[in-house]
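In our numbering, the protein residues as written are 3 to 471.
Notes to accompany the following structure.
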Ligand code: 4AD
Ligand code: MG
């Protein structure tokens, strides 16, 4: 007897034909309780948040075997599936045979009782996926990734793979992790003392990408509509609950889209994903709603039923200045031209409009070189989607398609373009209006799980001074 049934099937598929037959389940012990006649083992195999109750008639099992079954141990159990008498569960298993695959010494196994702090769980990142909370978050990560591919596939976008190692800094923020095989303690030098990257692996200075956008534009200007979905890397030294040094980004890029098309796609995309979470992650969402954030499900429902606001930056600044005039205190000053701080964004979203805001038409000085310039000479067609609790969840723009205007923006910013000839060629040969955006996958995960810290929505977070596991 060993035809394992994942526990999810016992709770989510019809079990009538299995009732009163012997089945096999395998998983990890969450708890064991009972009395001198019977033990109840809560078994979890990760396929669903719900534990399966295994009922053990102690008269039929060896004392020594039962002593070795403790929280964290891994078991294979043959037993009869029966309708459960207890409240709250539909079926349980009456154990007939138990094999211990691995014990977990109760003296040292760190996940004994419930209620560990998130900080402590980060220190045991190798074991935290075995907790209810992290099991729920990681299953939801999978469902959201699947939803992303589904959304774009249904719309006829092609999944386009952009490189992780690159010689160009898309965002121009100088936050790149260098990739080199040179001996860092003694690199080859040119006559002027500078490092001779011609002797490096790629024959030039390279780094991990901060965004797949520039290569994504090559995809859009040939295949029409593409999306990337991969890891990106930023060496920004921001120790906040919203920043990772390694995060996943989804970057669609579309030929022939204007600003209205772009913001419409941003809104449709997020609503599709949030609805997908409500439709496909019910048990995990209910758990997170009960244990982590009581307003979670209500907030998700409200986002799919409201229209997002379109707000020009200039109007946003007016609203903030009026708030200041009425006595609202911000830590950072507000005036036309400043890059909004998260307290400003959250005021607009959570207090003023009380719904998601898509801010558009930013001052060109605070945005990247590739954004389409407006006729006013001051603003560009950039968009940030601002969300309750998260702040910026999407950054995107219409792209400047005119070669001359693009070159002006590049020169104004003193961007070294010698490695970017291929990007400029898109504007030189058959240039076209196009637009795209980037959704931070972990920012989305914060929103759909209600978790407070971005370190807790990715299995193994990378942040300044942390690269364990
Ligand atoms: O606004 P960003 O920097 O935009 C770009 O990279 C564009 N090239 C995207 C595009 O138009 N194709 O980043 C996009 C999104 C942000 O809105 C945020 O959700 C997320 O990526 N993000 C981060 N997430 C976690 N940790 C960080 N350090 C992040 N930096 C950006
Ligand atoms: Mg941004």
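Each residue gets a CB set at the ideal place from its N, CA and C atoms; glycine is no exception.
- Taking a C-beta distance under 8 Å as the contact criterion, residue 177 and residue 238 qualify as a contact pair.
- DSSP, read as helix, strand or coil, puts residue 80 in strand.
- Taken atom to atom, the span from the alpha-carbon of residue 322 to that of residue 314 is near 13 Å.
- No heavy atom of the ligand 4AD is found nearer than 7 Å to the CB of residue 460.
- According to DSSP, residue 386 shares a beta bridge with 361 and 397.
- Contact between residue 400 and residue 437 holds: CB atoms are separated by about 4 Å, below the 8 Å threshold.
- Around the C-beta of residue 187, fewer than 16 other C-beta atoms lie within 10 Å, and the residue is accordingly described as exposed.
- A contact is defined here as three or more CB-CB pairs under 8 Å, and the stretch 118-138 fails this definition with respect to the stretch 428-442.
- Taken through DSSP and simplified to helix, strand or coil, residue 468 comes out as strand.
- DSSP places residue 319 in the uninterrupted alpha helix (DSSP H) bounded by 315-327.
- Classified as exposed, residue 88 has fewer than 16 neighbouring CB atoms from the shown chains inside 10 Å of its CB.
- Here residue 87 carries a coil assignment [DSSP, helix/strand/coil].
- In this structure, the C-beta of residue 367 stays at least 7 Å away from each heavy atom of the ligand MG.
- For residue 248, the enclosing beta strand (DSSP E) has its first and last residue at 248-257.
- Residue 207 carries a coil assignment under DSSP once its states are collapsed to helix, strand and coil.
- Excluding residues up to 5 positions away in sequence, 374, 429, 433, 434, 435 and 436 lie with their Cβ nearer than 8 Å to the Cβ of residue 403 in the same chain.
- According to the DSSP assignment, residue 437 belongs to the beta strand (DSSP E) that extends over 436-442.
- Residue range 54-59 is occupied by the beta strand (DSSP E) that includes residue 54.
- Separation of the CB atoms of residue 266 and residue 227 is rounded to 14 Å, and the pair is thereby denied contact status at 8 Å.
- Only buried fits residue 210, as 16 or more other CB atoms lie within 10 angstroms of its CB.
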